[in-house]
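So the protein lines, in turn, are chains A and B. All residue numbers for the first sequence refer to our numbering, where the first residue is 791 and numbers rise by one. All residue numbers for the second sequence refer to our numbering, where the first residue is 791 and numbers rise by one. Glycine included, C-beta positions come from ideal geometry on N, C-alpha and C. Structure first, then comments.
2 protein chains.
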Amino acid sequence: MTMEFKTAVIGLGSMGYGMALSCLRAGQKVWGADINPDAVGKFAMAGGQGGAFPTDLNAVVVVVLNAAQTEAVLFGATGVVATLSPGVVVLGCATVPPAFAREMEARCAAAGVHYLDAPISGGAAKAAQGALSIMAAGRPEAFRAARPVLDACAQTVFELGSEAGPGSAMKAVNQLLAGVHIAAMAEALTFGMTQGIAPAAFVEVISKCAGTSWMLENRAPHIVDGDYSPRSQINIWPKDLGIVLDVAKSAGFAAPITAATLQQYMVAVGMGLGAEDDAAIAKVYARNVGLTLPGPRDPAAEG
Amino acid sequence: MTMEFKTAVIGLGSMGYGMALSCLRAGQKVWGADINPDAVGKFAMAGGQGGAFPTDLNAVVVVVLNAAQTEAVLFGATGVVATLSPGVVVLGCATVPPAFAREMEARCAAAGVHYLDAPISGGAAKAAQGALSIMAAGRPEAFRAARPVLDACAQTVFELGSEAGPGSAMKAVNQLLAGVHIAAMAEALTFGMTQGIAPAAFVEVISKCAGTSWMLENRAPHIVDGDYSPRSQINIWPKDLGIVLDVAKSAGFAAPITAATLQQYMVAVGMGLGAEDDAAIAKVYARNVGLTLPGPRDPAAEG
């Protein structure tokens, strides 16, 4: 008789949905949960389980927006931890403060449940391919219990420590840079436009020069194409850079570039761009100086 | 009889010296000039010509610090342009405002001399290998006259326009990003240290994640190694980001991330770090929060 590995994925947004599919593809039996019933229905159509979780889950993957939602799904009125058997593992994948991850580890341990501090990086496409980077930290037994999920979802698992915290710390470091790089790209691209440099020339030249970044190469083409359909939303950045600055404040650490960047995202939110792709930060700069960014491509015109 | 191509390189700093060597290697006869006689002597030992420029130069490559020095060597009391024959080309390689490049083109044209707006990118090692990126703009006849120098010095020549200006504009765009990325790397690395992330772990993980940049991969290892011998100096950045902000101001363009970054470099200059490698911007953050960065490696301890 084959032991079936049973996983629940809580949060079927763009990242969680891809991770749930990756677990399915690895042969696991996967339950999906989301506040949006359409997401659960879509996952059921793709081979997932809907409805109540079974009592013999092996792993719970929490891919919600933030610490408050993570705490609610784990320990709220209908929190899942109280229903889990000893030895089950919870993977916390949201971007949260390191101290929160340590608190979750302790509260799970009190319930006999393992906790892996496991923030994710790579975007929706890599989530769907099972090719994420996971910045993981936790006790050896948490890593052991989580291994089938890590194998299914990740191309690279960074093992950053033997208790929760360093995974979330590294994720915060990564988000600091990613958020700054997107906004700096927009600042440079629009500055170039004021000097007659077309966005397409900016991408072509700078992507081959010392000024390039992963985010520049990934996001600047959205501006060239005038395509702001959300792959990653503006709304992510006030949240994630806010976590960075909260953690920095607790450490007595001044982060002036991060702080200036956060303000630009706040302007974008104020302009009503929160649900657009984060490349829409360029619209803040364009509005301020009176530039017109490229419009959407017209497929009919491209023959 | 073979026509010998005669080039003068004015400014034998780390970039100019490498370009002069690259022209020599391509079979050109090369005169070097520098305010530092030791640099000229070193170049003569490597096969270059010292002493006065001949009257039949084909090209003059100006690789000095800024616009003021460029103007002085071209049009000052002993400026070279007055000595050049019609049809000779001047390559302006310093980082300068686009309007200054247009002015140099006009003043050279009045003397019958071609001007190529030709800022360079890639660092001293690529300069020595003849593998620079050159962001070039100028009239077709300026490109034609400069071709032997471009071929000798560059891996990639971006041809950005048919008059001077766009080369310097693109260089300013690149410097905006490069300067921000170095400082953001230092902000993130030291923030990570406050959360227990060692600099070596930072480089290992983030260089494989969405937060990476060309500058992070190039400069962060200097911090890990505690090696601040100058490959590119802190002093470059108040100058180059100052040009960016001056040009931005003329265009009515607000660049808050660049502005915040420039202030961090100013703190570094105030700490006496101006002549150190630009990775030393990390020392500003470390001092502010009371962190100790890695010291120099002890070769004796490494067996």
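query: Those residues which DSSP pairs with Ile-910/B across a bridge; result: Ile-924/B
query: Alpha-carbon to alpha-carbon, Pro-876/A and Gln-818/A; result: 20 Å
query: Met-835/A, buried or exposed, once every other Cβ within 10 Å from all chains shown has been counted against 16; result: exposed
query: Residue-level contact to chain B via CB, Val-850/A, 8 Å cutoff; result: no
query: Of the residues Leu-802/A, Gly-803/A, Ala-810/A, the one placed nearest Lys-796/A, counting alpha carbons only; result: Ala-810/A
query: Spatial distance of Pro-956/A from Asn-964/A (CA atoms); result: 12 Å
query: Coarse secondary structure for Ser-1019/B, derived from DSSP in three states; result: coil
query: 8 Å Cβ cutoff, Asn-1078/B in contact with chain A; result: yes
query: Contacts of Ala-1041/B in chain A (Cβ-Cβ under 9 Å); result: Phe-981, Thr-984, Gln-985, Val-1079
query: Whole-angstrom distance between Leu-802/B and Met-925/B, CA atom to CA atom; result: 20 Å
query: Exposed unless 16 or more other CB atoms sit within 10 angstroms - verdict on Arg-1009/A; result: buried
query: Supposed close pair Leu-874/B, Val-939/B - CB separation, criterion 8 Å; result: Contact doesn't hold; Cβ gap of about 15 Å is too wide.
query: Neighbour flag for Ser-923/B against chain A, beta carbons, 8 Å; result: yes
query: Any 3 or more C-beta pairs closer than 8 Å across the segment 991 to 1004 of chain B and the segment 1019 to 1029 of chain B; result: no
query: Simplified DSSP assignment, three categories, for Glu-977/B; result: helix
query: Segments assigned alpha helix (DSSP H), at least 4 residues, entirely inside the segment 996 to 1072 of chain A; result: 1004 to 1014, 1026 to 1040, 1046 to 1060
query: Limits of the beta strand (DSSP E) - the one that Val-850/B falls within; result: 849 to 852
query: Three-state secondary structure assigned by DSSP to Leu-966/A; result: helix
query: Under 8 Å (Cβ pairs) to chain A, residues found in the segment 1032 to 1058 of chain B; result: Val-1034, Val-1037, Ala-1038, Ala-1041, Gly-1042, Phe-1043, Ala-1044, Ala-1045, Pro-1046, Ile-1047, Thr-1048, Ala-1049, Ala-1050, Thr-1051, Gln-1053, Gln-1054
query: Contact with chain A by Gly-1001/B, beta-carbon distance below 8 Å; result: yes
query: Ala-858/A in three-state terms, based on DSSP; result: helix
query: Cutoff 8 Å: His-971/A Cβ touching any chain B Cβ; result: yes
query: Chain B within 8 Å of Leu-1063/A, Cβ atoms only; result: no
query: Thr-783/B in three-state terms, based on DSSP; result: Residue coverage of chain B in this structure runs from 791 to 1093, which leaves residue 783/B outside it and unanswerable.
query: Alpha-carbon spacing of Ala-872/B relative to Arg-1087/A, whole angstroms; result: 51 Å
query: Minimum C-alpha distance to Cys-813/A - residue among Leu-922/A, Tyr-1075/A, Phe-948/A; result: Leu-922/A
query: Interface partners of Trp-1004/B on chain A, CB under 9 Å; result: Cys-999, Ala-1000, Gly-1001, Thr-1002, Ser-1003
query: Contacts around Ala-927/B, its chain only, beta-carbon distance under 7 Å, and the 5 residues preceding and following it disregarded; result: Asp-907, Leu-950, Gly-951, Glu-953, Ala-954, Gly-955, Pro-956, Gly-957
query: Leu-881/A in three-state terms, based on DSSP; result: strand
query: Top-ranked residue by Cα proximity to Gly-837/A, from Asn-826/A, Val-853/A, Val-820/A; result: Val-820/A
query: DSSP-derived helix/strand/coil call for Gly-955/B; result: coil
query: C-beta neighbour in chain A for Met-1161/B, strict 8 Å; result: As shown, chain B starts at 791 and ends at 1093. That puts residue 1161/B outside it, with no answer to give.
query: Cβ-Cβ distance between Ala-1045/A and Leu-1035/A below 8 Å; result: yes
query: Partner residues on chain B for Thr-946/A, Cβ-Cβ distance less than 7 Å; result: Lys-998
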